[in-house]
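Each residue of the sequence shown is one higher than the one before, counting from 1 in full-length UniProt numbering. Every residue, glycine too, gets a C-beta built ideally from N, C-alpha and C. In what follows, a structure is listed as structure tokens, so that the remarks can point back to it.
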Amino acid sequence: MKPRTLPKCLTGPKLESPPPDPAVASRRGSTSADLRTCLGSRALERKDSEWSLGESPAGGEEQDKQNANSQLSTLFVEKPQTGSVKVGANITFIAKVKAEDLLRKPTIKWFKGKWMDLASKAGKHLQLKETFERQTREGSHVPSHAFPSGEISTVHERTAHKAAFLTPLTVLFFLSKESTGTTPNIDIRSAFKRREVKQQEEEPEIDVWELLKNANPNEYEKIAFQYGITDLRGMLKRLKRMRRVEKKSAAFAKILDPAYQVDKGGRVRFVVELADPKLEVKWFKNGQEIRPSTKYIFEHKGNERIMFINNCSLTDDSEYYVTAGDEKCSTELFVREPPIMLTKQLEDTNAYCGETVELEVEVSEDDANVKWFKNGEEIFPGPKSRYKVKVEGKKHTLIIEGATKADSAEYSAMTTGGQSSAKLSVDLRPLKIMTPLTDQTVKLGKEVCLKCEISENVPGKWTKNGLPVQESDRVKVVHKGRIHKLVIANALTEDEGEYVFTPDAYNIPMSAKVHVIDPPKIILDGLDADNTVTVIAGSKLRLEIPVTGEPPPKAIWSRADKAIMEGSGRIRAESYPDSSTLVIDVAEREDSGVYNINLKNEAGEAHASIKIKVVDIPDPPVAPNVTEVGDDWCIMNWEPPAYDGGSPILGYFIERKKKQSSRWMRLNFDLCKETTFEPKKMIEGVAYEVRIFAVNAIGISKPSMPSKPFVPLAVTSPPTLLAVDSVTDSSVTMKWRPPDQIGAAGLDGYVLEYCMEGTEDWIVANTDLIDKTKFTINGLPTDAKIFVRVKAINAAGASEPKHYSQPILVKEVIEPPKIRIPRHLKQTYIRRVGEAVNLVIPFQGKPRPELTWKKDGQEIDKNQINIRNSETDTIIFIRKAERSHSGKYDLQVKVDKYEENASIDIQIVDRPGPPQAVTIEDVWGENVALTWTPPKDDGNAAITGYTIQKADKKSMEWFTVIEHYHRTNATITELVIGNEYYFRVFAENMCGLSEDATMTKESAVIAKDGKIYKNPVYEDFDFTEAPMFTQPLVNTYAIAGYNATLNCSVRGNPKPKITWMKNKVAIVDDPRYRMFSNQGVCTLEIRKPSPYDGGTYCCKAVNDLGTVEIECKLEVKGGLSFCRLLLQGVPPNIVDSYLRDLQSSNPEEC
């Protein structure tokens, strides 16, 4: 057998370690578990190896110290003894304590070595037992385990005393080749301290960093937890640096090891050997130089340079390096913690479903890392998980809220120093039925609620007749705590059955039956809206009425409180499961009436009434009555028959015959729906009779009795144009026109009737027929309103009345005056002297207004001016106008306190007088310059120009030189040299040239003396020009009856000829049109136009150089007929005046 070598992670200088810090073991580095894993698989895996217990040299000294300490204690009666045991066998240590002097039970602790509390190792391989004898008051404390090694000590503690006894125990072991078993975890530090192991086998090294390096990254976390590594990332970085191959150094003969490991609180020794002892050495930690202190001690031994680090803590876990000159070597120091041990194991637990289960362990250190497993799979507690972990110092608790049977399993708690397992068994609580389901009977359409209460809050399943209940909008399953409900809204017959509720995980079904009853219902959908059944007399009726209800109802038929029995008989009832039938074999008229059907079952009752109507042909109508006759027609009416046969009358047939004949002739082939008819195409003067047949859905009745004989004779048509002529406070005067159709019977007269508003009693105004078309109704109350109608009477009777359209107020109404000035009088009215002036000014106002005319503010001389007034207009008439008649005429119309004023300007014009003076200003060559002054009398019109004439003194024959000249000076040229001339000037206005002219007093002599003037030769200027319109025509709107003018301006040379056209037809010698042309301004005046005069007007100008046209549209609005004016309420006298004026202005059109 080859000698064994320790793993690489354990090689190095001798380590002296106090009890380890648990926090370090959980953070990083190898723990005692690592060491056991590393070594136990090699050196302790033989079951048949022999173990011996003995004392090492160092152990004897410590044993003497323990014996000395135990002699000082009076508490121990029996002390543990040293023993030896084979591998796999048991060993027991016993310690007895004298407790008679103690006030309470003492606390005993067993230690292995100086620091390991064996309570943390209690379990399968190590058991601690404690007994107490009341008589001797002695306590026994026995630890027993299979593989002890090291020093076992016991400590007894109380309030004021502490006693300890130390028993050294050393295990020497030998391994045989045949051993294949494994051993539990043991501590081998004492073996390293006491002696040197001989004949060890070479075993492959197990390096945790090598495992991490070669492992799958997914297993890093598992390996880190197994070996107590928390800073996994930092360790991998440092492992990478540690594995760097150091170059051979000239300064160092021996460099630092790649890594050192020390327990927390222990001491570590770093040694380097220099090649040159004269080199200065500096030590560094994480780049910071280390200075000597009680913690850091430096030693020099020859070429060796040594640094000790005392009392190592977690802060010392870092990188160190030493420099010698320019070279350095480095190492890593790992400070490890002791493993986290389980001081309290998990215990098997039983729980009920729904309870909160707590699994509790205690560990050796506060806030240690503990992992939980369920059936070997790790549990990950969290806020969304059912598993919660509570940590209180060393106590770790796994909480399972609302436990279910699925939570029954084996749970484990694992730390770096071991694990503990326990079984959790979750069972159901015994179920009690607090409120069972009960049978229910509900009406159709009502709500069904099945409710039960059980002792546990568990879900369950509902079934109906063995099938699961499916939730819907109508069926709801409610679970609230321990209460379960099945709610069925609007119960149907198919909801009937047996319902069972079974709680989940319990085989305790609860059942209840639901019985749905339906009140009886009578279905009358096949009948009319009023539940009426019609049957023809003599036929058979079988009326089947569907009925519903659960259980099936019983039906009873009755009529007039008399029951109809089932069985035989002409009227009988028949019953079936889903219907009830009423049978009438031969229907008679007396069978009509209301029949009642009553249904009854345990859910309720139902009633309905059905009306049975037996229909037949109707009775004949009453004899018709002829109410009106005409020339070839009559109007007849009749009453419907007393009995319509039970079916509505569809209409009537009418027949007619001559009184002397026996042959009846049907007048209508389509039914007459009304009870009136108008036969036509009869012969006037011949006697006729008529009769009626009534028709319903069954057939035609017998004929009625004939009417009284009648003779067709036509009445006139109604009078026309009924209008109000005048109204006073006690009378109304009406007028109308004769009927349009009088007929052969002629017209005997009129009857005027009226009735007061609010009544329908017509009062005849004239007791005798009147021939005139005007009548005054007297004796009417003031402020009353009446309706008026008039009838025409002849031998055939009265015509249709003609009604006045609106009520008439019997009161003379004051209408404020209003003057309607004609359009042509709104401008100055111009007439020539001697012409007649006839002005008609309409006005309005009631009662008849008072009129006042004034001229220039003075009263009018009625001897010179005639004024005629009527109710609707006033006329100013001057037979021969004089210039003195010119002026402003003011008209005032006054009604009561209201008045209206209007003014008319009249201008009477005449020819002007001659200019006042004509003088010759200068004579030169063949030219004479003349000047003159305007005439003193302008003829009451503006001077439009002057005409200049010349005359040779020899002949005194006057020739016109200039016409229409506007200025008061002119130059006369081209006079004959040697002649003597006189000149005269005429004034001109709109009436023409003045009758006289003013002649120059002197003559103008064209002298011959002097140098003969030779006129220069000038090229004649061409003044010719084609016609061109300088102002176009514009579209114009005119009012019917008022003059309208169309204006445009044209220029051209020679002077163009003007032609006016309407709709492309030239206007020639038409008295309705007047055409003017003055100074190039062309005017067409349309006198009192009518709508007929509307159209397109064109002005055409023609001269030798060309032709030009321009056109516009004229639209004439107005022009109402006599009937239209009357319908609009215009009084007849105003309408007559309007038509007379229209006729006088347009005689051809009228």
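Residue 1086 places its beta carbon 7 Å or farther from that of residue 1040. Judged by DSSP secondary structure, residue 274 falls within the beta strand (DSSP E) whose first and last residues are 268-274.
The residue among 723, 736, 820 with its C-alpha nearest the C-alpha of residue 807 is 723. Straight-line measurement puts the Cα of residue 828 at about 32 Å from the Cα of residue 969.
For residue 810 against residue 908, the beta-carbon gap comes to about 49 Å, at or over 8 Å, which does not count as contact. Here residue 1114 is near residue 1036, since their CB atoms are less than 7 Å apart.
Residue 460 and residue 502 do touch by the CB rule: their CB atoms are close to 6 Å apart, below 8 Å. Annotated as distal: residue 601 and residue 546, with beta-carbon spacing of 7 Å or more. Pairing residue 1103 with residue 1027 gives a Cβ-Cβ distance under 7 Å. Burial check for residue 1001: the Cβ neighbour count within 10 Å stays below 16, so the residue is exposed. Between the alpha carbons of residue 872 and residue 1118 lies a gap of roughly 20 Å. In this structure, DSSP gives residue 425 an extended state, which the three-state scheme calls strand. Burial state of residue 447 is exposed, judged by a 10 Å Cβ sphere holding fewer than 16 other Cβ atoms.
Sequence-distant partners of residue 655 (beyond 5 residues in either direction) whose C-beta falls short of 6 Å from its own C-beta, in its chain, are 664, 666, 691.
Looking at 585, 920, 858, the one whose alpha-carbon comes closest to that of residue 569 is 585. Rounded to whole angstroms, the gap between the alpha carbons of residue 812 and residue 785 is 12 Å.
The alpha-carbon of residue 998 is positioned some 24 Å away from that of residue 977.
When Cβ pairs closer than 8 Å are counted between the two stretches, the region 671-684 is seen to touch the region 702-714, the count reaching three or more. The DSSP-derived three-state label of residue 222 is helix. Here residue 576 is exposed, its C-beta having fewer than 16 other C-beta atoms within 10 Å.
For residue 497, the enclosing beta strand (DSSP E) starts and ends at 497-503. Annotated three-state conformation of residue 346 is coil, per DSSP. Here residue 936 has 913, 916 as same chain residues with Cβ atoms under 7 Å from its own Cβ, once five neighbours each way along the sequence are excluded. The three-state secondary structure of residue 338, taken from DSSP, is coil. Distances from the CA of residue 560 to each of 591, 1106, 541 were compared; the closest alpha carbon is that of 591. When C-alpha distances from residue 826 are compared across 106, 489, 905, 676, the shortest belongs to 905. According to DSSP, residue pairing for residue 382 in a beta bridge does not occur. Boundaries cannot be given for residue 492, as no beta strand (DSSP E) includes it and DSSP labels it neither H nor E. Counting every other CB atom within 10 Å of its CB across the protein chains shown gives residue 715 a total of 16 or more, marking it as buried. Residue pairing by DSSP puts residue 694 in a beta bridge opposite 652. Exclusion of the five residues before and after residue 797 leaves 715 as the residues of its chain whose Cβ lies within less than 6 Å of its Cβ. For residue 884, the three-state secondary structure derived from DSSP is helix.
About 34 Å separates the beta carbons of residue 594 and residue 516, which is beyond the 8 Å limit, so they are not a contact pair.
In this structure, the straight-line span from the alpha carbon of residue 1005 to that of residue 972 is close to 13 Å.
Excluding the 5 residues flanking it on each side, residue 619 has same chain C-beta neighbours closer than 7 Å at 641, 642, 643, 701, in chain order. Residue environment for residue 492: exposed (fewer than 16 other C-beta atoms within 10 angstroms of its C-beta).
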